[in-house]
Amino acid sequence: MNAYAEVALPEPPLLRRVAGVRALWVELCGVVGTLLVAAASFVSGWSRALLFLVGAGCVVLALLIRSYQESRRRKVAELREAAKERQAQYIIRNLNMASVPARAALNLARKREQREYLHGARMIVVEQARNLAGQSEAKLSEVRAHYFGVERMGDAWLKAPDWGMAGSSGRSSERIFAAPDATFMRAMRGESCLIADAQNLGEEGKGLLPGSFVAAPVFAGRCLYGLLLVDSAETGAFTSVDEQIVMNLASLLAVTFAAQKEVPYIDMSRGSGDFRGEAQ
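In full-length UniProt numbering, the protein residues as written are 1 to 280.
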């Protein structure tokens, strides 16, 4: 569902080929018509009538084309607004659906059942991140979603767990996020990031294929549980809307982890210098 794609309306062949529905042609037609009507006052007989009729016809044609353009512009704007509204409803509906398994798992009394349900809820959230993000520019088949988590308490890096979304469009799932990577340090500050081309990341982008990604920290309080990342092989495949979507889903993931006291995390209150030189 691509609500942000350019809305196109069919054009009459005559306007497309003759007038081209371009402002220059419209203005030229109007000017020529006005000049012909003015010129008609300097002649007499059939010449005067002919010039007046041709000139008046050009002016009327210019007015009709301008009226058509304005009507078409309003129609395109209405269709675009309607498409955006449908997209917003679609996103909200899917975000609500993604939260249902998590809320259900939190109400389970037995720890083992709760852990299993929370695990399933997280996988649903990751899949929803893939389905919802990147619809405006990227093909769904090119979009991948990954969760990077903390393996053990005391670790100072994030890596993709075994249960995450398999495969990657830009080798994102093969990497480890750690200091001094800008993405990791932003996550430590609770900030998301929108990268149009991974190869523009300097040292962090080495080994990555061309592509774009959105990353949002999964944290609650001072506990950083991981990073939710959506990537695509296409550069510039994501927008600020996609960033907001991933941030909302990352917050939902954080709720599932905060419910499990034994989940490892990174203390976000540690300074950036505390991570320098730590082994990965």
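No residue lacks a Cβ here, since even glycine has one placed at the ideal position from N, Cα and C. Computed from a predicted model, the values in this text were never measured in an experiment.
Under DSSP, R144 shares a beta bridge with D231. V126 carries a helical assignment under DSSP once its states are collapsed to helix, strand and coil. For the pair A196 and A237, the Cα-to-Cα distance works out to about 7 Å. Residue pairing by DSSP places L194 opposite V214 in a beta bridge. The alpha-carbon separation between Q69 and L61 amounts to approximately 12 Å. The alpha-carbon separation between V125 and T239 amounts to approximately 19 Å. For the set A182, L224, G154 and Y147, the Cα lying nearest the Cα of P161 is the one of Y147. The beta carbons of F177 and L227 sit about 6 Å from each other, so the pair counts as a contact at 8 Å. Note that the C-beta distance between S212 and T183 is not below 7 Å. Less than 7 Å separates the beta-carbon of E243 from that of V214. Distance check between Y90 and each of R73, R152 and Q128 places Q128 closest, using alpha-carbon atoms only.
In this structure, the alpha-carbon of G57 lies about 34 Å from that of R80. Around the beta carbon of R74, fewer than 16 other beta carbons sit within 10 angstroms, so the residue counts as exposed.
By the neighbour-count criterion, in which a residue is buried when 16 or more other Cβ atoms sit within 10 angstroms of its Cβ, S99 is buried. With a beta-carbon spacing of about 16 Å, A216 and A258 fall beyond the 8 Å limit used to define contacts.
Around the C-beta of L50, fewer than 16 other C-beta atoms lie within 10 Å, and the residue is accordingly described as exposed. Bridge pairing for G236: absent [DSSP]. D242 sits in a helix when the DSSP states are folded into three classes.
The beta carbon of L194 sits closer than 7 Å to the beta carbons of V214, F238, S240 and E243 from its chain, once the five residues preceding and following it are set aside; these are given in chain order. Contact between A133 and V54 is ruled out by a C-beta separation of about 57 Å, above the 8 Å threshold. Residue pairing of C223 in beta bridges, as defined by DSSP: A220 and D267. Note that the C-beta distance between R152 and P264 is below 7 Å. The closest CA to that of G154, considering only W46, M268 and L253, is found on M268. The Cβ neighbour count for R175, taken over all protein chains shown within 10 Å, is at least 16; the residue is labelled buried.
The C-alpha of Q260 is placed about 12 Å away from the C-alpha of Y117. In summary, R86 is exposed, with fewer than 16 beta-carbon neighbours lying within 10 Å of its beta-carbon over all protein chains present.
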